[in-house]
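Chemist: Here you go, one structure.
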Amino acid sequence: MLKKEIKRNYPIDWKEYTFDTLFDFDGGLPVSRANLSNKGICYLHYGDIHKLKENYIDVERDADIIPKYDVPLENLSENYILNDGDIAFADASEDYEGIGKSVVVLNKGNIPFISGLHVIVARDKTDLLNREFKRFFLSNWNIRKQMKRIATGISVLGINRPNLRKIDAVLPPLKEQQKIASILSTWDKAIELKEKLIEQKKEQKKGLIQNLLTGEVRLPGFDGDWMKKKIGDCIIESREIATDPILEKRLTVRLNLKGIEQREVNPIEKVGATTQYVRKAGQFIYGKQNLHKGAFGLIPEKFDGYQTSSDIPSFNFKRGIDSKWFFYYMSREGFYRNLERISTGTGSKRINPKDLYILNIKVPGINEQREIANVLSTIDKELELLNKELNNIKHQKKGLMQLLLTGKVRVKA
Numbered sequence: 001m002l003k004k005e006i007k008r009n010y011p012i013d014w015k016e017y018t019f020d021t022l023f024d025f026d027g028g029l030p031v032s033r034a035n036l037s038n039k040g041i042c043y044l045h046y047g048d049i050h051k052l053k054e055n056y057i058d059v060e061r062d063a064d065i066i067p068k069y070d071v072p073l074e075n076l077s078e079n080y081i082l083n084d085g086d087i088a089f090a091d092a093s094e095d096y097e098g099i100g101k102s103v104v105v106l107n108k109g110n111i112p113f114i115s116g117l118h119v120i121v122a123r124d125k126t127d128l129l130n131r132e133f134k135r136f137f138l139s140n141w142n143i144r145k146q147m148k149r150i151a152t153g154i155s156v157l158g159i160n161r162p163n164l165r166k167i168d169a170v171l172p173p174l175k176e177q178q179k180i181a182s183i184l185s186t187w188d189k190a191i192e193l194k195e196k197l198i199e200q201k202k203e204q205k206k207g208l209i210q211n212l213l214t215g216e217v218r219l220p221g222f223d224g225d226w227m228k229k230k231i232g233d234c235i236i237e238s239r240e241i242a243t244d245p246i247l248e249k250r251l252t253v254r255l256n257l258k259g260i261e262q263r264e265v266n267p268i269e270k271v272g273a274t275t276q277y278v279r280k281a282g283q284f285i286y287g288k289q290n291l292h293k294g295a296f297g298l299i300p301e302k303f304d305g306y307q308t309s310s311d312i313p314s315f316n317f318k319r320g321i322d323s324k325w326f327f328y329y330m331s332r333e334g335f336y337r338n339l340e341r342i343s344t345g346t347g348s349k350r351i352n353p354k355d356l357y358i359l360n361i362k363v364p365g366i367n368e369q370r371e372i373a374n375v376l377s378t379i380d381k382e383l384e385l386l387n388k389e390l391n392n393i394k395h396q397k398k399g400l401m402q403l404l405l406t407g408k409v410r411v412k413a
């Protein structure tokens, strides 16, 4: 039972129930990812629960992309078959945020669907829960707190059926559940729409990058031939040694074009253990081990004067090269992933500047470079704005959801 002071936070007409009262629990059929394919019966692996952005899985909609297990249906226990309205929990997580991650199964067509490895299934014992409300009520801060409390383990955190049965939930009347679910579903649709706009904008950018940076499409007013140059004709490594190494001013480069950020200080690291080099705003910088994985970028103003070792070299631009144009040229996925072929060394291979320098590229005149960079920068600004809007919608929904799920804000049913 919930503590009295917590129960008092809910409206008096809301009722408290244990999960044991609400649900029967079953486990899943343990099948490794290696034994799944695109043939057979739809199969829900706990890893796919963690990957889903949505709080539900629509079997009919997603049947073609859900992994399959090739087994005769008659060989399976009914306990392994997921039905419409079941809640599927991942019983293992590598972090606290993923503890008890769950999805509601939408399966009105009764398509055979197997609960899988590390999956716990909660099936209705009663009619106390609205089907759509199930998608949201587990996000209640009090239920999340209980989920984290029952988790066990060190490197991998787990939940089990006996502990799940002990969790308490305070539920509004069914009609209010339905209204709450309807309101929150509207917010989900707004989020989904914004995410689609972002994906469309990304595809537009990808097409522009491919066309403008290869010369397949030319901007109005430009028709001259592009010059064949080596990358070494465009950039030159900066080797300014830091005379005052500072642990708190170290940089790292994130994978997948995620940019440059301040590196966390390693508690056992000592100042002066390795030579550090001064990095300047506007320089091109990359990680030698991960250039082919998108670990590169332009150093932002806020990191001017920061430092890295020689494993993360930085470069000044030679005359006639626009820094943003060069970054966009490098950011074509097909281009940078192909750079793995020039990595050298044993063990952890690296892409050294001397090997990068000799690669041939085609370079337009400086004015065309700038115009191309301006077009792509505009797209990036639009993407940044869309992402801010998306984050705002998610933040607003999160706040509203807690108010609705705790009865701080009531809705007329």
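Under the UniProt record's numbering, the first residue of the sequence shown is numbered 1, with each subsequent residue one higher. Glycine included, C-beta positions come from ideal geometry on N, C-alpha and C.
Are LEU36 and LEU82 touching if we call contact CB-CB under 8 Å?
Modeler: Cβ atoms of LEU36 and LEU82: not closer than 8 Å.
Chemist: Pull up the distance between the alpha-carbon of LEU73 and that of ILE372, whole angstroms please.
Modeler: When rounded, the distance between both Cα atoms is 57 Å.
Chemist: Could you check where the beta strand (DSSP E) with THR252 kicks off and where it finishes?
Modeler: Counting along the chain, the beta strand (DSSP E) containing THR252 begins and ends at 251 to 253.
Chemist: Nearest-angstrom Cα distance between GLY347 and GLU340?
Modeler: Roughly 14 Å separates the two Cα atoms.
Chemist: Report all residues from its chain with a CB closer than 8 Å to the CB of ILE167; omit the five preceding and five following residues, and keep chain order.
Modeler: Taken in chain order, the residues that qualify are THR18, PHE19, ILE143, GLN146, MET147, ILE150.
Chemist: Among residues of its own chain, excluding the 5 on either side of LYS397, which ones have a beta-carbon nearer than 6 Å to its beta-carbon?
Modeler: Excluding sequence neighbours, LYS397 sits near TRP187.
Chemist: Would you identify the three-state DSSP class for GLY116, choosing helix, strand or coil?
Modeler: The answer is coil: DSSP assigns GLY116 none of H, G, I, E or B.
Chemist: Does DSSP put residue 460 in a helix, a strand or coil?
Modeler: Lying before the first or after the last residue shown, residue 460 is absent from the chain, which here runs from 1 to 413.
Chemist: Residues in the same chain with beta-carbon distance under 8 Å from HIS292, minus the five sequence neighbours each way, listed in chain order, please.
Modeler: TYR336, ARG337, ASN338, LEU339, GLU340, SER343, ILE351, listed in sequence order.
Chemist: Buried or exposed for ALA413, please, with buried defined as at least 16 other CB atoms from any protein chain shown within 10 angstroms of its CB.
Modeler: ALA413 is exposed by the Cβ-count criterion.
Chemist: Based on the DSSP output, what are the partners of ASP58 in its beta bridges?
Modeler: According to DSSP, which records beta bridges pairwise, ASP58 is partnered with LEU106.
Chemist: With which residues is SER314 paired in a DSSP beta bridge?
Modeler: Beta-bridge pairing links SER314 to SER238, ILE285.
Chemist: Measure the CB-CB distance between GLY116 and GLY28 and report whether it falls below 8 Å.
Modeler: Going by C-beta atoms, GLY116 is nearer than 8 Å to GLY28.
Chemist: On the criterion of 16 or more Cβ atoms from any shown chain inside 10 Å, does LYS134 qualify as buried, or is it exposed?
Modeler: The residue is buried, with at least 16 neighbouring Cβ atoms inside 10 Å.
Chemist: Which residue's Cα is closest to the Cα of ARG123: GLU94, LEU193, ARG161?
Modeler: Closest by alpha carbon: ARG161.
Chemist: Compare the beta carbon distance of residue 434 and ASN38 with 8 Å and say whether it is the shorter of the two.
Modeler: Residue 434 cannot be examined here, being either before or after the span of the chain that is shown, 1 to 413.
Chemist: Since HIS50 and ALA90 should fall inside the 8 Å C-beta cutoff, what is the C-beta to C-beta distance between them, to a whole number of angstroms?
Modeler: Going by Cβ atoms, the distance from HIS50 to ALA90 rounds to 6 Å, so yes, they are a contact pair.
Chemist: Based on the DSSP output, what are the partners of MET147 in its beta bridges?
Modeler: According to DSSP, MET147 bridges with nothing at all.
Chemist: Under DSSP, the alpha helix (DSSP H) around residue 417 begins and ends at which residues?
Modeler: Since the first residue shown for the chain is 1 and the last is 413, residue 417 is missing from the structure and cannot be characterised.
Chemist: Assuming the contact rule is C-beta atoms closer than 8 Å, GLN289 and PHE315 should be a hit. Round their C-beta distance to whole Å, please.
Modeler: Not really, about 17 Å apart at Cβ, beyond 8 Å.
Chemist: How far does the alpha helix (DSSP H) with VAL409 in it reach, from first residue to last?
Modeler: VAL409 -> no alpha helix (DSSP H), and no H or E assigned at all.
Chemist: Can you give me the start and stop residues for the alpha helix (DSSP H) that ILE49 sits inside?
Modeler: Taken as a continuous stretch (DSSP letters only), the alpha helix (DSSP H) holding ILE49 covers 46 to 51.
Chemist: Are THR252 and ARG263 close, meaning C-beta to C-beta below 8 Å?
Modeler: Yes, the pair counts as a contact, with Cβ atoms nearer than the cut-off.
Chemist: Please state the DSSP three-state secondary structure of ASP26.
Modeler: ASP26 falls in the strand class under three-state DSSP.
Chemist: Sorted by chain position, which residues of the same chain lie with C-beta nearer than 6 Å to GLU368's C-beta, five sequence neighbours on each side aside?
Modeler: Taken in chain order, the residues that qualify are PHE222.
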